[in-house]
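Trainee: All residue numbers for the sequence shown refer to UniProt numbering, where the first residue is 1 and numbers rise by one. Ideal Cβ placement from N, Cα and C applies to all residues, glycine included. Here it is, the structure in full.
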Amino acid sequence: MIDEAVCQMYPVLIGLMGCGKSSIGRLLSQELGLTMLDLDHYIVDKAGKTIPEIFDEHGEEGFRDLETEALREVLGTPVVIASGGGVVMREENRIMLEAHAPVIWLKSSLHFLANRIQGDDNRPLTAGRDALTVLQQLADIRYPYYSQCADYILHRGKMNKAASLHAVLEYLKQWQYENTGSQQQTQSSHSLLSSPKFEDA
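Printed below as a string of structure tokens:
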């Protein structure tokens, strides 16, 4: 069982669109006894407009302004944050994320993600375009930033939600042990670590 110290970390999930930030975030929040906050939904609720409407009226930069403002408001509050895929594009956001622990990058193959999001009209960056081509372009730009911000990288591969959740929880137990000394280190959690920034392959 994850104890109270872990809940005080308030994890942030990052990654490309379709990687499972919202679905894994909901499961993780239930395990930690926290609320799950989808940053895109938070922006939509505040703006009173859908994401496509925000893009149409204010452009991507206008949306990013709202995203930075939202991140500043919610980071460090007692929630599990499922961020938008482009949250790492602004240096200000990256600085905030790097100062926050833990940040978890959910990483999946681009082909898998493309199959999931193709035809989703609520994603302005892929609307009317080939999803795989767009994702490759986004990955080229965003992956270095994800790597810069992430404390832990989960390569989901063919892992289902339950297995992904288990891996994240094992990382959180390890984080708790290393930062508080209150949790016994287990062989399974230790096996997830490969560098100062933990990476599960």
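#1: Under a Cβ-count criterion, where at least 16 other Cβ atoms within 10 Å of its own Cβ denotes burial, should residue 158 be classed as buried or exposed?
#2: Exposed or buried, which one is residue 19 when buried takes at least 16 other CB atoms within 10 Å?
#3: Where residue 11 and residue 174 are concerned, what is the direct C-alpha to C-alpha distance, given to the nearest angstrom?
#4: With distances taken Cα to Cα, identify the nearest neighbour of residue 104 among 152, 61 and 148.
#5: Rounding to the nearest angstrom, what Cα-Cα distance links residue 58 and residue 38 in this structure?
#6: Does the Cβ of residue 77 have 16 or more other Cβ atoms within 10 Å, making it buried, or fewer, making it exposed?
#7: Along the chain, where does the beta strand (DSSP E) that runs through residue 80 open and close?
#8: Here's the rule: buried if 16 or more other CB atoms are within 10 angstroms of the residue's CB, otherwise exposed. What is residue 176?
#9: Let me confirm a value: residue 142 is counted as buried when at least 16 other C-beta atoms fall within 10 Å, else exposed. Which label applies?
#10: Out of 140, 22 and 44, point me to the one whose CA is closest to residue 80's CA.
#11: Start and end of the alpha helix (DSSP H) containing residue 152?
#12: Quick check: the Cα distance between residue 28 and residue 129, rounded to an integer number of angstroms?
#13: At the level of alpha carbons, what is the spacing between residue 188 and residue 114?
Mentor: This is what the structure holds:
#1: Exposed, since its Cβ has fewer than 16 Cβ neighbours within 10 Å.
#2: buried
#3: 14 Å
#4: 152
#5: For residue 58 and residue 38, the gap between their C-alpha atoms comes out near 21 Å.
#6: exposed
#7: 79 to 82
#8: buried
#9: buried
#10: It is 22 whose Cα lies nearest to the Cα of residue 80.
#11: Residue 152 -> not in any alpha helix (DSSP H); beta strand (DSSP E) instead, spanning 152 to 155.
#12: 32 Å
#13: The pLDDT assigned to residue 188 is 35, lower than 50, so where the model puts this residue is not dependable; a value taken from the coordinates is nonetheless given after this. If you take the alpha carbons of residue 188 and residue 114, they lie about 32 Å apart.
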